[in-house]
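Contents: one structure, followed by commentary.
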Amino acid sequence: MSRILIVEDTKLMRDTLVDVLGATGHDVVTADNGAEAVDMVAAGSLFDIIITDIIMPEMDGIQTILELQTMLPEARIIAISGGSARMEKTQGLDTARRLGAVAVLEKPFEVDALLNAVRDAAGQ
1317 MSRILIVEDT KLMRDTLVDV LGATGHDVVT ADNGAEAVDM VAAGSLFDII
1367 ITDIIMPEMD GIQTILELQT MLPEARIIAI SGGSARMEKT QGLDTARRLG
1417 AVAVLEKPFE VDALLNAVRD AAGQ
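Numbering (our numbering), first residue to last: 1317 to 1440.
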């Protein structure tokens, strides 16, 4: 199974992702925001798949993707977003896809959609 980093500022969403992916045998680690994720990787943590929210405090998902791609170019990125008052869901997700995200999911998404995206990313 894959080692997965979840970068998500909403605790309920973060915990749900951990529960779902952990139950399917993945080794799951979390970061509350992009800055924390970058610090973890800079300290030597390695991941096969990174699932990142787009709208987050401190460092948004787009900047997180740019930073982590430089540090872990082999990691596959899945972007998730529910949008915000300043940005539509698809705007951030389209940018993430252009930057190399292998999958994008609009919140709320079905568990099967998440598992399929992770399965596909693990197979790449």
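Virtual Cβ for every residue (Gly too), placed ideally from N, Cα, C.
Keep in mind it's a predicted model, so treat the numbers as computed, not measured.
Determine the direct distance from the alpha carbon of L1321 to that of A1353, and round the result to whole angstroms. Along the sequence shown, read from residue 1 onward, the residue named residue 1353 stands at position 37. Along the sequence shown, read from residue 1 onward, the residue named residue 1321 stands at position 5. Each residue's alpha carbon lies about 8 Å from the other.
Looking at C-beta atoms only, is the number of pairs between the stretch 1335 to 1349 and the stretch 1407 to 1422 that lie closer than 8 Å three or more? Output reads no: the stretch 1407 to 1422 does not touch the stretch 1335 to 1349.
Looking only at C-alpha atoms, which of G1360, G1439, A1347, T1380 sits nearest to D1331? What you label residue 1331 is simply residue 15 of the sequence shown in a count that begins at 1. Comparing alpha-carbon positions, the option among G1360, G1439, A1347, T1380 lying closest to D1331 turns out to be A1347.
Unbroken stretches of the alpha helix (DSSP H), 4 residues or longer, contained in the stretch 1401 to 1428: If we require 4 residues or more, the alpha helix (DSSP H) runs fully inside the stretch 1401 to 1428 come out as 1405 to 1414.
I need the boundaries of the alpha helix (DSSP H) containing T1380, first residue and last residue. Translated into positions along the sequence shown, residue 1380 becomes position 64. Bounds of the alpha helix (DSSP H) holding T1380 are 1377 to 1387.
Which residue wins for smallest C-alpha separation from E1422, given the options I1393, D1369, A1359? For the purposes of this step, residue 1422 is taken as the residue at position 106 of the sequence shown. It is D1369.
If you draw a straight line from the alpha carbon of D1364 to that of I1394, how long is it in whole angstroms? Taking the first residue of the sequence shown as 1, we reach residue 1364 at position 48. Taking the first residue of the sequence shown as 1, we reach residue 1394 at position 78. Roughly 11 Å separates the two Cα atoms.
What do you reckon, are the CB atoms on V1420 and A1437 nearer than 7 Å? On the sequence shown, residue 1420 is found 104 positions in, with the first residue counted as 1. On the sequence shown, residue 1437 is found 121 positions in, with the first residue counted as 1. Cβ atoms of V1420 and A1437: not closer than 7 Å.
Let's see if you can read the secondary structure: which residues bound the alpha helix (DSSP H) around D1267? Since the displayed the chain opens at 1317 and closes at 1440, residue 1267 lies outside it and no answer follows.
For T1340, does the three-state DSSP call read helix, strand or coil? Start at 1 with the first residue of the sequence shown, and residue 1340 comes out as number 24. DSSP places T1340 in coil when its eight states are reduced to three.
Which residues share a DSSP beta bridge with T1346? Taking the sequence shown and counting its residues from 1, one reaches residue 1346 at position 30. DSSP links T1346 through a beta bridge to I1322.
Tell me the rounded alpha-carbon separation between I1367 and M1317. In the sequence shown, residue 1367 corresponds to position 51, counting from 1. In the sequence shown, residue 1317 corresponds to position 1, counting from 1. Cα to Cα, I1367 sits roughly 15 Å from M1317.
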